[in-house]
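Presented below is the structure to which this report refers.
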Amino acid sequence: MPHGKRTAGILLHISSLPSSFGIGDLGPEALTFAEFLYRSRQHYWQILPLTPVHRQQGFSPYSSVSGIAGNTLLISPELLVAEGLLTAEELLPFRLPVTDQVSYEEACEVKQKLFDKAYQRFTSKPQEAFDQFCNREAWWLDDFALYVALKSRFNDDPWYSWPDEFKHRQLKSLMSFTLENRDALMKTKWLQFVFFKQWKALKDYCNRLHINILGDLPFYMSHDSADVWSQPGIFKLKKNGSMNGVAGVPPDYFNENGQRWGMPVYRWDVLQEQRYDWWIKRVRKNLELVDLLRLDHFRAFVEYWEVPAGEETAIKGKWRPGPGANFFEVLQRELGELPLVAEDLGDIGENVYQLRDRFGLPGMKVLQFAFGKDMPQSDHIPHNFTENFIAYTGTHDNNTTRGWFQQELKQEWRRQIELYTGLPVTEKNVSRLMARIVYASVAGTAIIPLQDLLGLDEAARMNTPASTSGNWGWRLVPDELTQREEELLKTWTILYNRTEPEAVSREQVI
């Protein structure tokens, strides 16, 4: 974030955009939303991780099968028409009703059929750019394509259930499989080529509008992922591929059993010997895609909760030391400036704040966390903020502000909002009152989830932590975002000195 410059943004994942193919994508509606952000004088578009989602993981972008690959469900069929790989007529039978929920299964089905058609046409065209992409990205792409093809061969079973020669990556078996399945591997690589091409076009468009993309990097990898399969030595695994140590968080006021996340913990001793090579490549690649990167579960760089693999709950876990400052020193030497944000929420010790501040990383403040019995002393109430933070009404893990007010906020704490603002508060105005508090704060950046700008209730919640269903589904419907919201954001941005981007005409951008 620019030092001393007050900025603002909106949190909205790509999947939440409107589209006719079951899920938001990188096509025309993404450009339209970028233009909305520009006209309303926003500086940041914050998104969730762009990596692939999978039905076995509830389509969570935080439980991906890859730490690098792109989510090909976000590919726009309309942009494939513009490339001449599909026709507008071919899209018609595959268009779906546009609703306020992502239709993951239907989106997978219709897009797979469209991608099959497009790939057949692509193979008859010049492929120099594709070949260059495959060579440049081979360090992760080859293993990812193999992983996808092998999962398909073995009925979507996790890699640690595959026959030993594939589970343990025996070279002869992998080479033979590669030769036998060349077309399937190339199609997977082509889909990644298309995803990154479409994403780059969207990011470039946003940047020309002086809008920066704030991305998100999950800390852990899904056990069943291309990364754990291809790099087993950097994870705590048994010889048979099962987990030896499981990630989670300890019991707290909200959950007496803690949370057992079912992801393997890292072998930081091995990673340190390798100069954190895998982590550095992963961060570098993600920073190619975004302008600023949020490090999820930042506290685990200092210490993390490890649960023995046989335990069903997280109660018997233990704190283990993370890599600490050494990791960020190596990262800084390799990458230079670190355009990173520390997700420093929850029950955090002073040692985590010290690491964050040592490297000058912005932290996070969430206004919903401020109201309660300790409100005057809360770290999340604006009179206790300092500048180097991003302030939110809520994040993707929170209820919408209206839903929070209706279902979670006690009557006595509702009164606190009225005392703090000097205004009566109702479920109809609470979202915008809270947004104005965030905008007025000293925090360098204010970011509002789009659901809060629209004043939506719990039905628009993006994720409920520790739940396994009903998440990642909310979607904007056409015409829901109007000039009223645009003018409101613009007014707040000017009123609270969250500096307007440099003027640029749409003609200059196009």
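All letters in the sequence shown, in the order written, are residues 54 to 563 by our numbering. Just so it is clear, CB atoms sit at the ideal spot from N, CA and C, and this is done for glycine as well.
Please tell me whether R409 and Y492 are closer than 8 Å, where the distance is taken between their beta carbons. Not closer than 8 Å, so no.
Express the C-alpha separation of Y258 and D196 in angstroms, rounding to a whole number. Roughly 31 Å between the two C-alpha positions.
Which value, in whole angstroms, describes the spacing of the CA atoms of H436 and S494? Spanning the alpha carbons of H436 and S494 requires a straight line of approximately 8 Å.
If you reduce the DSSP assignment to three classes, tell me which class V562 lands in. Because the pLDDT at V562 is just 48, under 50, the model does not fix this residue reliably, and the value given afterwards should be weighed accordingly. The three-state reading of DSSP puts V562 in helix, counting H, G and I together.
Return the chain-ordered list of same chain residues with a C-beta closer than 6 Å to the C-beta of F381, the five sequence neighbours on each side being excluded. Excluding positions up to five away in sequence, the list reads F412.
How long is the line joining the alpha carbons of P543 and P285, rounded to whole angstroms? As written in the sequence, residue 543 is Lys, which differs from the Pro given in the question. K543 and P285 have their C-alpha atoms spaced approximately 49 Å apart.
Give the single residue among S275, I100, T241 whose Cα lies nearest to the Cα of F86. Considering only alpha carbons, the answer is I100.
Nearest-angstrom beta carbon gap, D510 and A488 [assumed within contact, 8 Å]: Cβ-Cβ separation between A488 and D510: approximately 16 Å, too far for a contact (criterion under 8 Å).
Presumed contact (8 Å Cβ cut-off) between P114 and T125, rounded CB distance: The pair is not a contact, with the Cβ atoms about 13 Å apart (cut-off 8 Å).
Since G301 contacts G370 with CB under 8 Å, what's their CB separation in whole angstroms? Between the beta-carbon of G301 and that of G370 there is about 6 Å, and that keeps the pair under the 8 Å contact cut.
Going by DSSP, which residues form a beta bridge with D50? Summary: the structure shown does not reach residue 50, with the chain confined to residues 54 through 563, and so no result is reported for it.
Find out if the Cβ-Cβ distance for the pair H96, T152 is shorter than 8 Å. Their beta carbons are not under 8 Å apart, which means H96 does not touch T152 by this criterion.
Rounded distance between the beta-carbons of I63 and I443, thought under 8 Å: Separation of the CB atoms of I443 and I63 is rounded to 12 Å, and the pair is thereby denied contact status at 8 Å.
Are the CB atoms of R485 and G456 nearer to each other than 8 Å? Contact: no.
Given that a residue counts as buried once 16 or more other Cβ atoms are within 10 Å of its Cβ, and exposed if not, what is I76? Burial call: buried.
Specify, as a first and last residue, the run of the alpha helix (DSSP H) that I587 falls within. The structure shown does not extend to residue 587, since the chain spans only 54 to 563, so no value can be given for it.
If the criterion is Cβ atoms closer than 8 Å, does the pair F147 and L132 meet it? The answer is no: Cβ separation not under 8 Å.
My assumption, with CB atoms under 8 Å, is that R528 sits in contact with P71. Please give the rounded CB distance. R528 to P71, Cβ: 7 Å. Contact.
Here's the rule: buried if 16 or more other CB atoms are within 10 angstroms of the residue's CB, otherwise exposed. What is L203? Classification for L203: buried.
Beta-carbon spacing of T231, N310 below 8 Å: Against a cut-off of 8 Å, the Cβ pair of N310 and T231 comes out as no contact.
What is the DSSP secondary structure of V557, reduced to helix, strand or coil? In this prediction, V557 has a pLDDT of 47, which is less than 50 and means its spatial position is unreliable; nothing more can be read from the coordinates.
From the DSSP output, in three-state form, read off L388 for me. The answer is helix: DSSP assigns L388 an H, G or I state.
Can you give me the C-alpha to C-alpha distance between Q536 and R92, rounded to a whole angstrom? If you draw a straight line from the Cα of Q536 to the Cα of R92, it comes to about 10 Å.
Opening and closing residue of the beta strand (DSSP E) in which Y445 lies: Here the beta strand (DSSP E) through Y445 covers 442 to 445.
contact_flag[the segment 340 to 354, the segment 263 to 280] where n(CB pairs < 8 Å) is 3 or more: Taking a cut-off of 8 Å for Cβ pairs, the segment 340 to 354 and the segment 263 to 280 touch, as three or more such pairs fall below it.
Local Cβ density within 10 Å of N404, reported as buried at 16 or more and exposed below that: Counting the other CB atoms within 10 Å of its CB gives N404 a total below 16, which places it among the exposed residues.
Run through the segment 317 to 378 for me and flag every whole alpha helix (DSSP H) of 4 or more residues, listed as ranges in chain order. The DSSP assignment places complete alpha helix (DSSP H) segments of no fewer than 4 residues inside the segment 317 to 378 at 321 to 326, 330 to 342, in order along the chain.
Three-state class that DSSP yields for I287 in the structure shown: DSSP, reduced to helix, strand and coil, places I287 within a helical segment of the structure shown.
Taking the alpha helix (DSSP H) that I470 falls in, what are its first and last residues? Judged by DSSP secondary structure, I470 falls within the alpha helix (DSSP H) whose first and last residues are 464 to 474.
Where do the N-terminal and C-terminal ends of the beta strand (DSSP E) with Q245 fall, by residue? Where Q245 is concerned, there is no enclosing beta strand (DSSP E), although the alpha helix (DSSP H) it sits in stretches over 235 to 261.
How is P502 classed by DSSP in three states: helix, strand or coil? DSSP, read as helix, strand or coil, puts P502 in strand.
With T60 as the anchor, note down where its beta strand (DSSP E) starts and where it stops. Here the beta strand (DSSP E) through T60 covers 60 to 64.
Where K178 falls: helix, strand or coil (DSSP): In the displayed model, K178 falls within coil according to three-state DSSP, outside both helix and strand.
Could you check if G57 is buried or exposed, using at least 16 other CB atoms within 10 Å of its CB as the buried criterion? By the neighbour-count definition (other C-beta atoms within 10 Å, threshold 16), G57 is an exposed residue.
What residues are listed by DSSP as bridge partners for I266? DSSP lists W98 as partners of I266.
Three-state secondary structure (DSSP) of V106: Under the three-state reduction of DSSP output, V106 falls in the coil class, being neither helix nor strand.
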